[in-house]
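Okay, structure first, notes after.
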Amino acid sequence: MLNVHNLTVSFAGEDLFSEITFKLEKGNRVGLVGKNGAGKSTLLKVISGDIENNGGTLALEKDVRIGFLRQDIDFVAGRTILEEAYQAFEEIVSLEKKINQINEELATRTDYESDYYTQLIHDLDEVTTRYELLGGYNYQGDTEKILQGLGFQREDFNKLTDTFSGGWRMRIELAKLLLQQNDILLLDEPTNHLDIESIIWLENFLKSYAGAIVLVSHDKMFLDNVTNRTIEISLGKIYDYKKPYSQYLVLREEIREKQLQSQKNQEKEIKAKEQLIEKFRAKANKASMAQSLIKQLDKVERIEVDMEDNAVMNVKFPISKQPGKIVVETEAVSKSYGDKHVLDNVNLMIERSAKIAFVGQNGQGKSTLAKMMVSEIDYSGSIKLGHNVEIGYFAQNQAEYLDGEKTLLETMEDAANDTNRMRVRDMLGAFLFGGDDVEKKVKVLSGGERNRLAICKMLLSPFNVLIMDEPTNHLDIASKNVLKKALQQFEGTLILVSHDRDFLQGLTDKVFGFKDKVIKEYLGDIDYFLEEHKLENLREAEKKTQVVVKKESKKEAYKLSRQQEKELKQLKNKLSKVEKTIADTEKKILEMDALLSDDYEKTAADPEFFKSYQAEKDNLDSLMDKWAELDEQVSSYA
Numbered sequence: 313m314l315n316v317h318n319l320t321v322s323f324a325g326e327d328l329f330s331e332i333t334f335k336l337e338k339g340n341r342v343g344l345v346g347k348n349g350a351g352k353s354t355l356l357k358v359i360s361g362d363i364e365n366n367g368g369t370l371a372l373e374k375d376v377r378i379g380f381l382r383q384d385i386d387f388v389a390g391r392t393i394l395e396e397a398y399q400a401f402e403e404i405v406s407l408e409k410k411i412n413q414i415n416e417e418l419a420t421r422t423d424y425e426s427d428y429y430t431q432l433i434h435d436l437d438e439v440t441t442r443y444e445l446l447g448g449y450n451y452q453g454d455t456e457k458i459l460q461g462l463g464f465q466r467e468d469f470n471k472l473t474d475t476f477s478g479g480w481r482m483r484i485e486l487a488k489l490l491l492q493q494n495d496i497l498l499l500d501e502p503t504n505h506l507d508i509e510s511i512i513w514l515e516n517f518l519k520s521y522a523g524a525i526v527l528v529s530h531d532k533m534f535l536d537n538v539t540n541r542t543i544e545i546s547l548g549k550i551y552d553y554k555k556p557y558s559q560y561l562v563l564r565e566e567i568r569e570k571q572l573q574s575q576k577n578q579e580k581e582i583k584a585k586e587q588l589i590e591k592f593r594a595k596a597n598k599a600s601m602a603q604s605l606i607k608q609l610d611k612v613e614r615i616e617v618d619m620e621d622n623a624v625m626n627v628k629f630p631i632s633k634q635p636g637k638i639v640v641e642t643e644a645v646s647k648s649y650g651d652k653h654v655l656d657n658v659n660l661m662i663e664r665s666a667k668i669a670f671v672g673q674n675g676q677g678k679s680t681l682a683k684m685m686v687s688e689i690d691y692s693g694s695i696k697l698g699h700n701v702e703i704g705y706f707a708q709n710q711a712e713y714l715d716g717e718k719t720l721l722e723t724m725e726d727a728a729n730d731t732n733r734m735r736v737r738d739m740l741g742a743f744l745f746g747g748d749d750v751e752k753k754v755k756v757l758s759g760g761e762r763n764r765l766a767i768c769k770m771l772l773s774p775f776n777v778l779i780m781d782e783p784t785n786h787l788d789i790a791s792k793n794v795l796k797k798a799l800q801q802f803e804g805t806l807i808l809v810s811h812d813r814d815f816l817q818g819l820t821d822k823v824f825g826f827k828d829k830v831i832k833e834y835l836g837d838i839d840y841f842l843e844e845h846k847l848e849n850l851r852e853a854e855k856k857t858q859v860v861v862k863k864e865s866k867k868e869a870y871k872l873s874r875q876q877e878k879e880l881k882q883l884k885n886k887l888s889k890v891e892k893t894i895a896d897t898e899k900k901i902l903e904m905d906a907l908l909s910d911d912y913e914k915t916a917a918d919p920e921f922f923k924s925y926q927a928e929k930d931n932l933d934s935l936m937d938k939w940a941e942l943d944e945q946v947s948s949y950a
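First residue of the sequence shown? That's 313 in this note's numbering, and the numbers climb one at a time after it.
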């Protein structure tokens, strides 16, 4: 599908990566990994054609379609969520308009015998055939299914995209890409704005994706669950193995150890030959042997060991002072945004040294409660901070508050005070911004580098309670591991809003689950929460089934008149017959779909086929309406 050969990309005269080569084939689900600034997003932009390379070639097979989820998106104002999602089906929507136009013209004309009328009928057949082939009768249902999988509610569909945050708009863009059925799918940090449930849904979707996927992600668990191949960009080179991320790490370490051993053995042999050369040079009768050994050494291909970029940031979160036993207490806290009620009558108590994860679907109030605790937004009820409590707060969009025109050094110095101003260079160095890097402007940093700078800046203020909202967004895996270790060693109180399951594992001892304006406490880590949550969903489904059963039994026990019982029995019989007819009709449509798929040319040549096909579709719609009407009548006897 795609052949990349000797690709080089440079910025300001320096190679970001040089002469990298790899092939992308159908069924490949590639995890593209590497440190922040290694060139992952740049490589995706080169493949998509957004930017040009400085050398090498990219060869695509004919008619291969590429879909790219970029970090920066721009929607047309005034569209609803559904209207924006339907942009994935440009040709289908265009054909739909043509069909409507032709039908309207046919309805108003009376010159049934004219050549123009015959041409209209012919055009309608052609357009309708193309429409069906492209899935015109299914695209609306497919769109709704994927939007719901990504966390949208049905009542959101007709709301304008302008009313949603950047994270939610990113989900719409992702939905469009998944609906387009591209041959190659390029995804740049797709999980950054998804909650855990949506991530799990996306994992299952991508596992069965027919084309090829190149995925930039720092979510280790997501990579392991989705990918079957890993390409790492490190120090301008790539390392390519047909393994998911965790297995790749083990394999690469084994290969590196073998390289080291082979290199040592080779060095021993070379040293032994060099000693012989020195020994033989002094003797005239051995000079030819010495020359022979020299020629042998010149031909030896020296074994190289894959270089490793082991530089990691050095993070510590010191506690400012010891707070009281209770650090945060809420009483009857509620929050609404207009007509949308997010939290209702929340009462909770957070004790000193607690490690808590806020988990739940987006829009359930996790970030809202965090902002309320630091008095960033208004609310009703009471939130009391305990004695000596000093809060350090890392917002989800903390990096956006950085001034792009300032240098890294200026950013830190402007936020420092007299006691820590002298330490800002050392602090930047600890976060991997050393030497001339401190003079870079913030606007040239990658997303992960900006997050690192934002965390570094946060450390300039004292705190003993740390509230972090999605701190791992854009951070590379090595940086996330360092951050996790620092948080595990933090002796203060930690409140963490995150969707990263691997990051949360073993980090918190309590989970607050946010759902339907209520917060439920789980005494355990994220794995315990997910298991309990799964069980609760199953119990909820069972509960709904039990409610239906109870209604049925109540209905049967209800004393109906003989006439009513007779009418109810007749309705149930009718309902049963309609259900059987629906099943038979759906089976016919599936069989006709199979005919189209197996031998389109032969099937399409039959002029009666599509008339019959459409008749079955219309019949199914009519039967569904009839079923809904009968079901409502049966329910009225309950």
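Every residue gets a Cβ at the ideal spot worked out from N, C-alpha and C, and that includes glycine.
Outcome for residue i when other beta-carbon atoms lying within 10 angstroms are tallied against a minimum of 16
i	result
M685	buried
P919	exposed
P630	exposed
E579	exposed
I363	exposed
N657	exposed
Q608	exposed
S322	exposed
I689	exposed
N340	buried
G953	Here the chain comprises residues numbered 313 to 950, so residue 953 is not present and cannot be evaluated.
E864	Any answer about E864 is weak, because its pLDDT of 42 lies below 50 and its placement is not dependable; what the coordinates show is given next. With fewer than 16 other Cβ atoms within 10 Å, it is exposed.
Y275	With the chain represented from 313 up to 950, any question about residue 275 goes unanswered, as that position is not in the structure.
K338	exposed
Q708	buried
E868	Low confidence applies to E868: its pLDDT is 42, below 50, so where it sits in the model is not reliable, and the reading given next is rough at best. It counts as exposed.
Assumed close pair residue i, residue j - CB separation to whole angstroms, cut-off 8 Å
i	j	result
L765	F802	No, L765 and F802 are not in contact; Cβ-Cβ is about 20 Å, not under 8 Å.
G698	V639	5 Å
L356	D500	6 Å
T441	F922	6 Å
L498	I332	Actually they do not touch by this definition, with Cβ atoms about 16 Å apart.
K457	A400	Contact doesn't hold; Cβ gap of about 13 Å is too wide.
Neighbourhood of residue i by C-beta, 8 Å cutoff - its chain only, sequence neighbours within 5 removed
i	result
R762	A711, L714, V754 and H786
D749	L720 and L740
V376	M313, L314, D495 and I496
E408	Y443 and G448
Limits of the unbroken alpha helix (DSSP H) element including residue i
i	result
K793	Correcting the residue type first, residue 793 is Asn in the shown sequence and not Lys. Its alpha helix (DSSP H) spans residues I789 to Q801.
D738	V736 to A742
G325	Careful: G325 lies outside any alpha helix (DSSP H) and carries neither H nor E.
V612	Per DSSP, V612 belongs to no alpha helix (DSSP H) and is neither H nor E.
E643	No alpha helix (DSSP H) contains E643, which is instead part of the beta strand (DSSP E) from I638 to Y649.
H434	D427 to L445
A584	Y557 to R593
I363	From DSSP, I363 is part of no alpha helix (DSSP H); its letter is neither H nor E.
Segment limits, beta strand (DSSP E) that includes residue i
i	result
V830	V830 to Y834
R764	Taken as a continuous stretch (DSSP letters only), R764 belongs to no beta strand (DSSP E), being part of the alpha helix (DSSP H) at G759 to M770.
T369	G367 to L372
V823	K822 to K827
G343	R341 to G346
K652	K652 to E663
G693	S692 to L697
F922	Note, F922: premise wrong, no beta strand (DSSP E); alpha helix (DSSP H) at P919 to S947.
V750	Careful: V750 lies outside any beta strand (DSSP E) and carries neither H nor E.
T455	Segment Y451 to G461 is the alpha helix (DSSP H) holding T455; no beta strand (DSSP E) there.
Own chain residues within Cβ distance below 6 Å of residue i, not counting five before or after
i	result
G343	L527, L535, T539, T542 and Y557
W513	G461
D552	F334 and I543
V345	E544
L563	Y553 and K555
Contact set for residue i: own chain, Cβ-Cβ below 7 Å, skip 5 residues either direction
i	result
N931	T897
D423	Y429
D828	none
K683	I689
I589	A602, L605 and I606
A727	K769 and L772
S648	V654
Chain C contact for residue i (CB, 8 Å cutoff)
i	result
S692	Here chain C cannot be found, since the structure has a single protein chain.
So within the region 465-504, which uninterrupted alpha helix (DSSP H) runs reach at least 4 residues, ignoring any that extend past its ends?
478-492
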